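Reviewing the structure listed below.
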């Protein structure tokens, strides 16, 4: 079963709140890569939802820090 956007956001915030003191460099790297992947997936879901609700590609680009064209290429289907 695919996790919901809320579940993905929970995963991000739960791991972001962890105490990283004492972790080995490889463990921190693995955790950050997992957080990046989870955040990327959540962002794609949020863009899909925003587009379904009528948000323009220009607005998506503004919110994600890229041009309208880049947003369409990155998040379009």
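Numbering (my numbering), first residue to last: 44 to 120.
We put the CB at the ideal spot given by N, CA and C, even for glycine.
The structure displayed is predicted, hence computed values, not measured ones.
- Item | Complete beta strand (DSSP E) runs within the segment 69–112 (minimum length 3 residues, chain order) | none
- Query: Cβ atoms of residue 104 and residue 40: under 8 Å apart, would you say?
  - Reply: Look at the range of the chain in this structure, 44 to 120, and you will see that residue 40 is not part of it.
- Distance between beta carbons of residue 101 and residue 111, contact taken as under 8 Å: Here residue 111 refers to the residue found at position 68 of the chain shown. Here residue 101 refers to the residue found at position 58 of the chain shown. That belief holds up - the Cβ atoms of residue 111 and residue 101 are roughly 4 Å apart, short of 8 Å.
- Item | Rounded distance between the beta-carbons of residue 56 and residue 81, thought under 8 Å | Taking the first residue of the chain shown as position 1, residue 81 is located at position 38. Taking the first residue of the chain shown as position 1, residue 56 is located at position 13. Incorrect: roughly 10 Å between the Cβ atoms, too far for contact.
- Task: Measure the alpha-carbon distance for residue 65 versus residue 116 and round it to whole angstroms.
- Result: The sequence position of residue 65 within the chain shown is 22, counting from 1. The sequence position of residue 116 within the chain shown is 73, counting from 1. About 40 Å.
- Task: Would you please state the rounded distance, in angstroms, between the beta carbons of residue 52 and residue 76? I believe it to be under 8 Å.
- Result: Position 9 of the chain shown holds residue 52. Position 33 of the chain shown holds residue 76. The pair is not a contact, with the Cβ atoms about 18 Å apart (cut-off 8 Å).
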